[in-house]
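There are 2 protein chains.
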Amino acid sequence: MSKSENQFMKASIVTIGDEILIGQIIDTNSAWIGQQLNKIGIEIHEIISVKDTMDGIRIGINQAAAVSDIVLMTGGLGPTKDDLTCEALADYFDVELLFNEALWTHIQGLFSQRGRSTTDLHKQQCYLPANVALLRNAMGTAPGMLIKSDGKMYVSMPGVPYEMKSIMTDHVLPLLANQSDISIVHKTIMTVGQGESVLSKEIDDIEATLPAHIKLAFLPSLGKVRIRLTGKGADEQALHDEIETFGQQIADRLARYVYGFDDIPFEQALGELCLAKGVTITTAESCTGGLVASKIVSIPGSSAYYSGSIVAYSYEMKESLLFVPHDLLIEHGAVSEEVVSAMLLGVLKQTGADVGVAISGIAGPGGGTPDKPVGTIWLACGNLKEQVTKRLLISKDRRMNIEYTSNVALNMVREFLLGRY
Amino acid sequence: MSKSENQFMKASIVTIGDEILIGQIIDTNSAWIGQQLNKIGIEIHEIISVKDTMDGIRIGINQAAAVSDIVLMTGGLGPTKDDLTCEALADYFDVELLFNEALWTHIQGLFSQRGRSTTDLHKQQCYLPANVALLRNAMGTAPGMLIKSDGKMYVSMPGVPYEMKSIMTDHVLPLLANQSDISIVHKTIMTVGQGESVLSKEIDDIEATLPAHIKLAFLPSLGKVRIRLTGKGADEQALHDEIETFGQQIADRLARYVYGFDDIPFEQALGELCLAKGVTITTAESCTGGLVASKIVSIPGSSAYYSGSIVAYSYEMKESLLFVPHDLLIEHGAVSEEVVSAMLLGVLKQTGADVGVAISGIAGPGGGTPDKPVGTIWLACGNLKEQVTKRLLISKDRRMNIEYTSNVALNMVREFLLGRY
């Protein structure tokens, strides 16, 4: 495990517990561990979630050790009978379970601090595989354990997130940071308003010039694509500079779609743009029902550029709160270019905001007509002088339509502020 | 794969993509798949997350197939070069990649519907391993694929959650539901407004009478707790009756907190209550920024009991759109019982709704004072005659405060409609 032996340290995570397999909880521990190891240049090769049976744990350790130098386990360390990790480790390494005095002292200390007394179950919890070194758990009674065997390192931690994080931070990360010589550097370019395939085609030639140690990945979500560069190398500063250069090339090429870097939320980038331009924004929402406004407000400090919105779901509200003429609604229907334009003017007058976006559509599943099928959405964006409108024809799924439309609406505001229309 | 051969079907999930391993995204797909398979009596044995390299994918499939009859893969199917699943599958099963006309027709259809044209990359995406059956992806261009080999079943799906869910729902779950002999029956009691530990204590004695083949689990989220009974057995009808009896006992005991059964969304239960009572509802929102309204509108058919809302984030909007007296704001501050009460009256007048809820609070991280720390939220609920108010003192986390407050607000409407105040 010395630096010279292991230029590229490989790690795997084994999470133990049925609650993950049946989807009762989502495995956030592994994502956190992945982020931490990534920062110190250790690559996660696999994350394996297994049942908390003797067999499940044994197979998981085996599979992880087959592809990695470091096996990080979480879970199965509680005081109850369904917690089998200690037994499974003793079995796997063919050692005895021995009473660990240091752990017992630690547990007694924790309980006396809280003015509570221990039970037999806690004493039972102190029988650990004979080959472990104890990693003190500052946050609870379950032990952290380190085993070195056949040139590999095995760490077992509790599944309770704050206990796991405490053991990782206090013991495991410092230990591993000393062992890795390789740096991993990421740069993520955040884009909106264009699909993965078109973006990919536009940067084809840049991708072709990437050296073997830098990889490119596209991570799409509704209306947005994250483009991630990942580089590996011994010289962190050189790698960092190299990644920055490629990242900037890609960002320049895709400038129209780029709203930021490194996982900045879109709404935050939009907020910064509003502050930079010194404008306030607003929304008039029908089918999105306030979701666009709530996305704006999700960013701390949004009161500097946002003061309010009107959700006008019915014809009556479009008339009374947004001043949409009755005849316009009757003639064109609520889902029309004419009506969203009128909604936009109405909300600008009501709120005094500089720029707004108005949305009206048929989110589904009901309400479609041959002329205007489910998924027909009209948007209008602009100020009192200039307005742009857009029609979407999207899917049959209500939740997706609302979410996607909200992203499109906010991007219209961004493009309008950038003078892109 | 016939019923007689496989009383207990075992499945594993392989998720493909570095973004999970480096913790850039959290694997919610596997949790969802785990829940769905669990419902139809199929046990997940492992969830394995692997790198999107040829080696990573091959090892993942191998490990999954070693412990399971069914291997469900997600990810690595996009049109870009970093998507290697098709190539890896062809390599694993030692078959060629063939152009799939059905997929090409499907992709062209999707694009022409949206009035956009395909690129070469989309054509490239149509080369699939020769041994697959195509599973139509109603939500996108990436293919779902089914391979049967050596008595095992392999399914490959895109990693984009709504595309994966659509393929699972349309094709994979119906296929698998036919193959299992053991029934798993669930009954979930949906509660709101009380914590897990109190609920658990209230049904202690019922829990003690549960037979060994029926398990009880508490699944808390912000302001709500799902209480789930799970039974396993050969006689589905008998099991179903037994679970229903226990479920009803629990629901009767906890009646005050129960809003429905079996994962009905709270907003749907509230909508049904509005319809039953023949009332319309509205919201006046400050710190929640329209999130409460958007939750109401997330339910199809909500136009029958909802017509609009006002988001009044600034003092000015509270005055102009909600008629809150200027002096009241100056005297008590926007986050006060007096102001939320006035906001409620204002929105009832503006929208003509029967019942409303108004929310004003300090979501954080900034804006707190010694008197009104971050996490101080005032709510008012009622009609023009009767109103109730409530103050919350919650956490430091903006996102959590907004989400939790929205749930509390909607539950105030429910309790008001039920005459519980």
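Line by line, the protein sequences give chains A and X. Take the first sequence: its letter number 278 is residue 312 in the numbering used here, and every next letter is one higher. Take the second sequence: its letter number 216 is residue 250 in the numbering used here, and every next letter is one higher. Note that beta-carbon positions come from the ideal geometry of N, C-alpha and C, so glycine has one too.
Would you kindly work out how many angstroms separate the C-alpha atoms of residue i and residue j, rounded to a whole number?
i: Ile218 of chain A; j: Gly265 of chain A; result: 6 angstroms
i: Lys182 of chain A; j: Ser46 of chain A; result: 15 angstroms
i: Leu307 of chain X; j: Gln283 of chain X; result: 22 angstroms
i: Asn171 of chain A; j: Pro177 of chain A; result: 6 angstroms
i: Leu180 of chain X; j: Ala167 of chain X; result: 5 angstroms
i: Met35 of chain X; j: Gln213 of chain X; result: Confidence is the limiting factor: at Met35 of chain X the pLDDT is only 38, short of 50, which leaves the residue's position unreliable, though a coordinate-based value still follows. Each residue's Cα considered, the two are about 7 angstroms apart.
i: Ser38 of chain A; j: Ile298 of chain A; result: Legend: pLDDT at Ser38 of chain A = 36, less than 50; position of this residue unreliable, value from coordinates given subsequently. Cα to Cα, the separation comes out at about 37 angstroms.
i: Leu325 of chain A; j: Glu437 of chain A; result: 8 angstroms
i: Met107 of chain A; j: Glu276 of chain X; result: 38 angstroms
i: Asn40 of chain X; j: Leu210 of chain X; result: Low confidence applies here, because Asn40 of chain X scores a pLDDT of 42, under 50, leaving its location unreliable; read the following figure in that light. Straight-line Cα distance between these residues: approximately 12 angstroms.
i: Gly110 of chain X; j: Asp86 of chain X; result: 7 angstroms
i: Pro334 of chain A; j: Glu236 of chain A; result: 35 angstroms
i: Glu121 of chain A; j: Ile91 of chain A; result: 10 angstroms
i: Lys258 of chain A; j: Gly227 of chain A; result: 6 angstroms
i: Met446 of chain X; j: Ala376 of chain X; result: 17 angstroms
i: Leu378 of chain X; j: Thr119 of chain X; result: 55 angstroms
i: Thr139 of chain A; j: Ser146 of chain A; result: 11 angstroms
i: Lys44 of chain X; j: Asp103 of chain X; result: 5 angstroms
i: Ala346 of chain X; j: Leu355 of chain X; result: 7 angstroms
i: Val358 of chain X; j: Ile393 of chain X; result: 13 angstroms
i: Gln158 of chain X; j: Arg448 of chain A; result: 33 angstroms
i: Gln69 of chain A; j: Arg150 of chain X; result: 38 angstroms
i: Gln184 of chain X; j: Ala242 of chain X; result: In the sequence on display, residue 184 of chain X carries Asp and not Gln. Near 45 angstroms, if we compare the C-alpha coordinates of Ala242 of chain X and Asp184 of chain X.
i: Pro254 of chain X; j: Glu230 of chain X; result: 7 angstroms
i: Ile364 of chain A; j: Arg148 of chain X; result: 27 angstroms
i: Glu135 of chain X; j: Cys160 of chain X; result: 7 angstroms
i: Lys338 of chain X; j: Leu256 of chain A; result: The sequence given here places Ala at residue 338 of chain X; Lys does not occur at that position. Rounded to whole angstroms, Ala338 of chain X to Leu256 of chain A spans 29 angstroms at the Cα level.
i: Met351 of chain X; j: Lys383 of chain A; result: 12 angstroms
i: Leu162 of chain X; j: Gly143 of chain X; result: 19 angstroms
When the distance is taken between beta carbons, is residue j closer than 9 angstroms to residue i?
i: Pro113 of chain X; j: Ser429 of chain A; result: no
i: Val374 of chain X; j: Ala327 of chain X; result: no
i: Gly457 of chain X; j: Ile344 of chain A; result: There is no way to answer for residue 457 of chain X, as the model of chain X reaches only from 35 to 455.
i: Ile93 of chain X; j: Val105 of chain A; result: no
i: Thr316 of chain A; j: Val381 of chain A; result: yes
i: Gly305 of chain X; j: Ser336 of chain X; result: yes
i: Ala368 of chain X; j: Ser320 of chain X; result: yes
i: Val84 of chain X; j: Leu55 of chain X; result: yes
i: Phe450 of chain A; j: Val389 of chain A; result: yes
i: Arg425 of chain X; j: Thr410 of chain X; result: yes
i: Gly395 of chain A; j: Thr322 of chain A; result: yes
i: Thr49 of chain X; j: Asn72 of chain X; result: no
i: Ala251 of chain X; j: Ile240 of chain X; result: no
i: Ala98 of chain X; j: Ile60 of chain A; result: no
i: Gly400 of chain X; j: Asp215 of chain X; result: no
i: Tyr196 of chain A; j: Ile95 of chain A; result: no
i: Ile330 of chain A; j: Phe280 of chain A; result: no
i: Met191 of chain A; j: Leu169 of chain A; result: yes
i: Asp117 of chain X; j: Met88 of chain X; result: no
i: Glu353 of chain X; j: Trp412 of chain X; result: no
i: Arg454 of chain A; j: Arg290 of chain A; result: yes
i: Val408 of chain X; j: Gly416 of chain X; result: no
Quick one: is the Cβ of residue i within less than 8 angstroms of any heavy atom of the ligand PLP?
i: Leu118 of chain X; result: Only the bare structure without any ligand can be found here, which leaves the ligand PLP out of the picture.
Original post:
Where are the beta strand (DSSP E) runs, 3 residues long or more, that stay fully inside the stretch 42-101 of chain X, in chain order?
Top reply: Correct list: 44-50, 77-84.
Subject >> At least three beta-carbon pairs within less than 8 angstroms, the stretch 122-130 of chain X to the stretch 192-208 of chain A >> reply: no
**OP:** With a floor of 4 residues, list each alpha helix (DSSP H) that falls wholly inside the stretch 358-424 of chain X, ordered by position along the chain.
**Re:** 360-366, 371-385
Original post:
Is there contact between the stretch 66-84 of chain X and the stretch 223-232 of chain X, where contact requires at least three CB pairs shorter than 8 angstroms?
Top reply: no
Subject >> Within 8 angstroms of chain X by C-beta, residues of the stretch 223-255 of chain A in sequence order >> reply: Glu230, Ser231, Val232, Ser234, Lys235, Glu241, Lys249, Leu250, Ala251, Phe252, Leu253, Pro254, Ser255
Original post:
Contact between the stretch 185-204 of chain A and the stretch 259-273 of chain A: three or more CB pairs below 8 angstroms?
Top reply: no
Original post:
Taking any Cβ of chain A, which residues in the stretch 399-418 of chain X have a Cβ under 9 angstroms from it, in chain order?
Top reply: Here the close residues are Pro399, Gly400, Gly401.
Subject >> Interface positions of the stretch 58-86 of chain X facing chain A (Cβ-Cβ less than 9 angstroms), listed along the chain >> reply: Of all residues in the stretch 58-86 of chain X, Gln58, Ile59, Ile60, Asp61, Thr62, Ser64, Ala65, Trp66, Ile67, Gly68, Gln69, Gln70, Leu71, Asn72, Glu77, Ile78, His79, Glu80, Ile81, Ile82, Ser83, Val84, Lys85, Asp86 have a Cβ within less than 9 angstroms of some Cβ in chain A.
**OP:** With 7 angstroms as the limit, tell me which residues of the stretch 189-215 of chain X have their beta carbon closer than that to any beta carbon of chain A; keep them in chain order.
**Re:** Val194, Tyr196
Original post:
Can you list, in chain order, the residues of the stretch 347-379 of chain A whose Cβ is nearer than 7 angstroms to any Cβ on chain X?
Top reply: Taking 7 angstroms as the Cβ-Cβ cut-off against chain X, the residues of the stretch 347-379 of chain A that qualify are Tyr347, Ser348, Glu350, Met351, Leu355.
**OP:** Jot down the residue ranges of each uninterrupted beta strand (DSSP E) in the stretch 129-208 of chain A, minimum 3 residues, whole runs only, in chain order.
**Re:** 131-133, 161-163, 167-169, 178-183, 186-191
Subject >> Any alpha helix (DSSP H) of 4 or more consecutive residues that is wholly inside the stretch 251-315 of chain A >> reply: 270-287, 300-311
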